[in-house]
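J.: Sequence positions in the sequence shown follow mature numbering (1 follows the signal peptide of the UniProt record, and there is no 0) and run -17 to -1, 1 to 420.
Even for Gly, the Cβ is constructed at its ideal location relative to N, Cα and C.
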Amino acid sequence: MKTLYLALLLATTAAHALSDSEKETLRTTALQAYEQQDYATALEKWQTLATAGDAAAQNNLGILYNQGQGVAQNYAQARAWYEKAAAQDDANAQYNLGILYAKGQGVAQDYGQARAWYEKAAAQGDAGAQYNLGLLYGNGQGVVQDYGQARAWYEKAAAQGDAKAQYNLGVLYGNGQGVPKNNAKARAWWEKAAAQGDADAQQNLGILYDNGWGIAQDYGQARAWYEKSAAQGNAIAQYNLGDLYYKGLGVPQDYAKAREWTEKSAIQGHAAAQFNLGFLYENGQGITQDYAQARAWYEKAAAQGDADAQYNLGVLYAEGRGVVQDYAQARIWYEKAAAQGHAKAQYNLGVLYNKGRDVAQDYAQARTWYEKAAVQGHAKAQFNPGALYENGQGITRDYDKARAWYEKVAAQTGDQEAQQAAQQILQDLDKTGNNKP
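1. Does Thr31 come out as helix, strand or coil in the three-state DSSP assignment?
2. Are Ala292 and Ala285 close, meaning C-beta to C-beta below 8 Å?
3. Out of curiosity, what's the CA-to-CA distance linking Arg10 and Trp64?
4. Do Phe258 and Tyr281 have their C-beta atoms closer together than 8 Å?
5. Please state if the CB of Ala74 and the CB of Gln113 are separated by a distance shorter than 8 Å.
6. Pick out the complete alpha helix (DSSP H) segments inside the region 85 to 173, 4 residues or longer, and give them in chain order.
7. Is the distance from the Cβ of Ala68 to the Cβ of Gly45 below 8 Å?
8. Is Ser212 helix, strand or coil when you go by DSSP?
9. What did DSSP end up calling Ala55 once you bin it into helix, strand or coil?
10. If you pair each beta-carbon of the region 171 to 180 with each one of the region 195 to 202, do three or more pairs fall below 8 Å?
11. Taking DSSP as the reference, what is the three-state secondary structure of Asn75?
12. Can you tell me where the alpha helix (DSSP H) holding Pro368 begins and where it ends?
13. For a quick check, are the C-beta atoms of Tyr130 and Gln160 less than 8 Å apart?
14. For the alpha helix (DSSP H) that contains Thr379, what are its first and last residues?
15. Among Gln179, Ala385, Gln410 and Leu191, which one has its Cα closest to the Cα of Gln156?
16. Quick one: what does DSSP say Gly81 is sitting in, helix, strand or coil?
17. Is the separation between the beta-carbon of Ala25 and that of Leu47 shorter than 8 Å?
18. Give me, in chain order, the residues of the same chain whose beta-carbon lies closer than 6 Å to that of Arg314; leave out the 5 immediate sequence neighbours on both sides.
19. Which value, in whole angstroms, describes the spacing of the CA atoms of Gly117 and Ala135?
20. Look up Trp64 in the DSSP assignment and say whether it is helix, strand or coil.
21. Let's test the definition: count the other Cβ atoms within 10 Å of the Cβ of Ser4 and tell me whether it reaches 16, buried, or not, exposed.
22. In or out: Val127 buried (at least 16 other Cβ within 10 Å) or exposed?
23. Tell me whether Ile270 sits in a helix, a strand or coil according to DSSP, three-state version.
24. Assign Ala356 to one of three DSSP states: helix, strand, or coil.
Shown next as structure tokens:
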């Protein structure tokens, strides 16, 4: 969810000893000073008004202390001034108090207190408070998670044109949270938010068009929305643009542009983009082939748990590409990917144990890893358990089980080499009539 913001209220309120003309002059001077970043003057004028009981000035003083503008940042002082204004039912001050409690600034973090203050401001029609109440209910912070309540508050804020509320309503409909899943309604809300420049909504519209969810698939429209979002620095949109250029979807295939957008996303820490950038460097697509750069980007993605990156690092170490060949390092990376269910990594672990590469040769371990990959449909992994059963390596020889594995491979079309080998062995087994000894 997005960073909560502070509202600056510059409204007329009753004062104590100041005349109306004096108050108006002070307000005008303070506002002009604030807009010109002359915070010392703004502080002085609002201090005078606030001392006279002006709620708007009290709230604005709170903002200066909150932001450290013209004074040393002091959340306790900010809270004190917000409380004075909030006691006079100033909606912005009530909202700002909610922010302090939600963030734990100058107070112990307390979502219950944040909710209480947001509710006071929301009851006065404050769109920001209504939106933030939606966040609390959507995330279950200070309340029992309740998507229905989240939707109700988002709708109030969205009706006032709050772009993030419109975006989040789209998320609820897109995910079917508290409402039946409805991509058309999600799109309608995202279009409202996107029209206001919301980058997340623009990115999500791109995804809808990219996948044809709730609308006719249109890669051109997907690209257009991704570009709007990516121009605002949205890492997901940048990644998706890179993917369109890499695959040539809605645009001529262009590895250089794919790299450009993928790199923008990767620099922001997007794991899949980091993996893709590593892949481009490894294969010299859109850039000079560079295994060291490939490894560097794979490592960034792998550190975030990307299984494909972990697997590819294992391959680089196993084959000595851009690094000294190191089967021990290869095994470490394969194990990380395999633990996440990566079939190729599981198969390669089986190969390491089968051949005893920097580990003690262990047919039982090899079979275990082959079988994990095999149940995911990895053809070579299905072939290798057959060979272990046929030859009695790490297990009692069993031609029936060998035959069963070979038949699985022979029935597949994904790996012709494994398929043909399995078919040949099945013919040989038929000729010899081998069964269980």
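T.: Per the coordinate set shown:
1. If DSSP states are grouped into helix, strand and coil, Thr31 belongs with the helices.
2. Result yes, Cβ atoms of Ala292 and Ala285 sit closer than 8 Å.
3. When rounded, the distance between both Cα atoms is 17 Å.
4. In this structure, Phe258 places its C-beta atom within 8 Å of the C-beta atom of Tyr281.
5. Cβ atoms of Gln113 and Ala74: not closer than 8 Å.
6. With a minimum length of 4 residues, the continuous alpha helix (DSSP H) runs that stay inside the region 85 to 173 are 94 to 106, 110 to 122, 130 to 142 and 146 to 158.
7. Their beta carbons are under 8 Å apart, which means Ala68 touches Gly45 by this criterion.
8. Residue state, collapsed to three classes: helix.
9. Three-state result, Ala55: coil.
10. No: fewer than three Cβ pairs fall under 8 Å.
11. Here Asn75 carries a helix assignment [DSSP, helix/strand/coil].
12. Counting along the chain, Pro368 sits inside the alpha helix (DSSP H) bounded by residues Ala362 to Asn374.
13. Against a cut-off of 8 Å, the Cβ pair of Gln160 and Tyr130 comes out as a contact.
14. Per DSSP, Thr379 lies in no alpha helix (DSSP H) and is assigned neither H nor E.
15. Note on identity: in this sequence residue 156 is Tyr, with Gln being the wrong assignment. For Tyr156, the nearest C-alpha among the options comes from Leu191.
16. Note: Gly81 maps to helix in three-state DSSP.
17. In contact: Ala25 and Leu47 (Cβ atoms closer than 8 Å).
18. Closer than 6 Å at the Cβ level, and outside the excluded window around Arg314, lie Leu335.
19. Pairing Gly117 with Ala135, the inter-Cα distance amounts to about 7 Å.
20. In the structure shown, Trp64 sits in a helix (DSSP, three-state: H, G or I).
21. It counts as exposed.
22. That one is exposed.
23. Residue state, collapsed to three classes: coil.
24. DSSP places Ala356 within a helical segment (H, G or I) once states are collapsed to three.
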